[in-house]
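Each residue of the sequence shown is one higher than the one before, starting from 25 at the first, in the numbering used here. The beta carbon of each residue, even a glycine, is placed where N, CA and C say it ideally should be.
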Amino acid sequence: MSTLPVIDLTRPDDQVADEIGQACRDNGFFYLSGHGVPPELIKRLDSAARRFFDLPEHVKAEISMERGGRAWRGFFPVGGELTSGRPDLKEGVYFGKEEPASGLPLRGPNLFPAQVPELGPAVLEYLEVMTRTAQRVMSGIARSLGLDPGYFSNGYTADPTVLFRIFHYPPSEPDADGWGVGEHTDYGLLTLLLQDDNAGLQVHTRDGWIEAPPIEGTFVCNIGDMLDKLTGGLYRSTPHRVRNLSGNERLSFPFFFDPGWDSEVPPLPYTPGGRARWDGQDLRAFTGTYGAYLLGKVSKVFPQLGAEVLPGERQ
C-alpha cells in the first residue's frame, strides 16, 4: 500500500485545496478519488487498448509516429522512446486534441487503427472528460495558492495543451537492469495517470523510493516542472520511474494537462519559499511560450523524429 495521500474531489472545496497544497509541497504526488470519470468509459478504453497492443507489430506500425509527422501522434515500438537518454522497455501510442491538419508542431489529427475501430471514439471521449477533471484539479491548486479558483482556467489553461499516451509494458525479469520508464520528472503542469491492476510505478520521496500501486477508482496525480517553475519550487515535480515486475502485461494511461501553446509562463504573483531541485536545474531560467518549451522537451524523447520534423525549432 502506498503512503501517498488519497484526495477526494467530492469533499468541500477548502478541504480539497488544503490537501492538494500539502501533497504538492511534500512530494508532488497524490491519488485522486471522487473524480466522476465513468467506470464504463475506463473499461471501454482499456479493452480497446489491449486489442490494439495484441496486434502484430507491422499492423501497429500502420499508425507509426513517422506517419503522424509534425502532429507527433501515433505508435512507437518497444525501445522507441528515450527517458534520460536510455531506451524505455515499453511501447505506446500518442494522442492529442483532434484538430485539422495545419503543419503546426504537436497539432493536428490523431491516428487511429482501422483494426480497432472502437479505440478512436473511446480516446476522444476520454480526452473530453479528463480535460474537465484536470480543470477541477487546477482549480483546487489555485485555491491552495490563495488564488481565484478560475486563475488557471481563465488564463494559462483557457485553451490547454492536452496530450494523452497509452503505454504497454511487457513483463521485466527481476534481474534486468532496464526500466519501463527511467527516472524523470514530467515537464508540464499536471499529469493524471490511470493504471491497470498491475503495479510498477515508483516515486522518489524525501524518504527514498516508494511504490505507487493502483488503487481502485483512483488516478495517480502529479505535478510537473512547469508548476514547479510557476511556484518557484514551492510545489515540487518529483522524480518517478516504472519497472513492471508483476509478471503480467501492464497498461498505463497518462493524461498530460498543460498551458496553452502560445501562453507565456511567468511565475505566479507571489513569492513562495521553495528549495533547490533534485537535479540542480533552475526552472525559472526559461522564458518564452509554453509551446517553445514543450518542443525542446519532446524532441529529446524522440530525437530522430525531432530532427526530421522540427528542424531549427529544438532547444
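Tell me whether residue 169, by its Cβ, gets closer than 8 Å to a heavy atom of the ligand ATP.
The ligand ATP is absent from the structure shown, which contains no ligand whatsoever.
Confirm, please, whether the CB-CB distance from residue 66 to residue 47 is below 9 Å.
Walking along the sequence shown from the start, residue 47 turns up at place 23. Walking along the sequence shown from the start, residue 66 turns up at place 42. It is not a contact, given that the beta carbons lie outside the stated cut-off.
Work out the CA separation of residue 64 and residue 306 for me, nearest whole Å.
Residue numbering aside, residue 306 sits at position 282 when the sequence shown is read from its first letter. Residue numbering aside, residue 64 sits at position 40 when the sequence shown is read from its first letter. In this predicted model, residue 306 has a pLDDT of only 48, less than 50, meaning its place in the structure is not dependable; the value taken from the coordinates is given anyway. Between residue 306 and residue 64, the C-alpha separation is close to 42 Å.
Could you give the DSSP three-state label for residue 59: helix, strand or coil?
Here the question's residue 59 lines up with position 35 in the sequence shown. Note: residue 59 maps to coil in three-state DSSP.
Leaving out the 5 sequence neighbours to the left and right, which residues in its chain are closer than 7 Å to residue 34 when beta-carbon positions are compared?
Residue mapping note: residue 34 aligns to position 10 of the sequence shown, counting from 1. Result list for residue 34: 58, in chain order.
At 3 residues or longer, and completely inside the stretch 108-136: list those beta strand (DSSP E) runs for me, N to C.
115-120, all fully within the stretch 108-136.
Between which two residues does the alpha helix (DSSP H) harbouring residue 145 extend?
Looking up residue 145 in the sequence shown gives position 121. Where residue 145 is concerned, the enclosing alpha helix (DSSP H) stretches over 143-168.
Indicate the three-state DSSP secondary structure (helix, strand or coil) for residue 199 in the structure shown.
Within the sequence shown, residue 199 is the residue found at index 175, counting from 1. Residue 199: coil per DSSP, three-state reduction.
Taking residue 190 as the reference, give the member of 228, 230, 61 and 71 with the closest Cα.
Counting from one through the sequence shown, the residue named residue 190 turns up at place 166. Minimum Cα distance to residue 190 is reached at 71.
Is it the case that the Cβ atoms of residue 322 and residue 130 are separated by a distance below 9 Å?
Reading the sequence shown from its first residue, position 298 is the one you call residue 322. Reading the sequence shown from its first residue, position 106 is the one you call residue 130. Yes; because the gap between Cβ atoms is below 9 Å, this pair is in contact.
At which residues does the alpha helix (DSSP H) containing residue 46 begin and terminate?
Residue 46 sits at position 22 when you count from the first residue of the sequence shown. Residues 37-50.
Going by DSSP, what residues sit across from residue 98 in a beta bridge?
Residue mapping note: residue 98 aligns to position 74 of the sequence shown, counting from 1. 118, per the DSSP bridge assignment.
Are the CB atoms of residue 162 and residue 213 nearer to each other than 9 Å?
The count along the sequence shown starts at 1 and reaches residue 162 at position 138. The count along the sequence shown starts at 1 and reaches residue 213 at position 189. Contact flag set, yes.
Quick one: what's got a C-beta closer than 6 Å to residue 142's C-beta in the same chain, skipping five residues either side?
For the purposes of this step, residue 142 is taken as the residue at position 118 of the sequence shown. Result list for residue 142: 72, in chain order.
Residue 91 lies in the alpha helix (DSSP H); which residues open and close that run?
Mapped onto the sequence shown, residue 91 falls at position 67. Per DSSP, residue 91 belongs to the alpha helix (DSSP H) from 89-92.
What first and last residue would you give for the alpha helix (DSSP H) that runs through residue 218?
For the purposes of this step, residue 218 is taken as residue 194 along the sequence shown, with counting starting at 1. Segment 214-219 is the beta strand (DSSP E) holding residue 218; no alpha helix (DSSP H) there.
Can you give me the C-alpha to C-alpha distance between residue 29 and residue 55, rounded to a whole angstrom?
Within the sequence shown, residue 29 is the residue found at index 5, counting from 1. Within the sequence shown, residue 55 is the residue found at index 31, counting from 1. Looking at the two C-alpha atoms, the distance is approximately 6 Å.
What span of residues does the beta strand (DSSP E) with residue 249 cover, start to end?
Looking up residue 249 in the sequence shown gives position 225. It is not in any beta strand (DSSP E) - residue 249 instead sits in the alpha helix (DSSP H) that spans 249-254.
Check for me: the beta strand (DSSP E) holding residue 235 runs from which residue to which?
The residue given as residue 235 occupies position 211 in the sequence shown. 232-235 is the span of the beta strand (DSSP E), which, as asked, contains residue 235.
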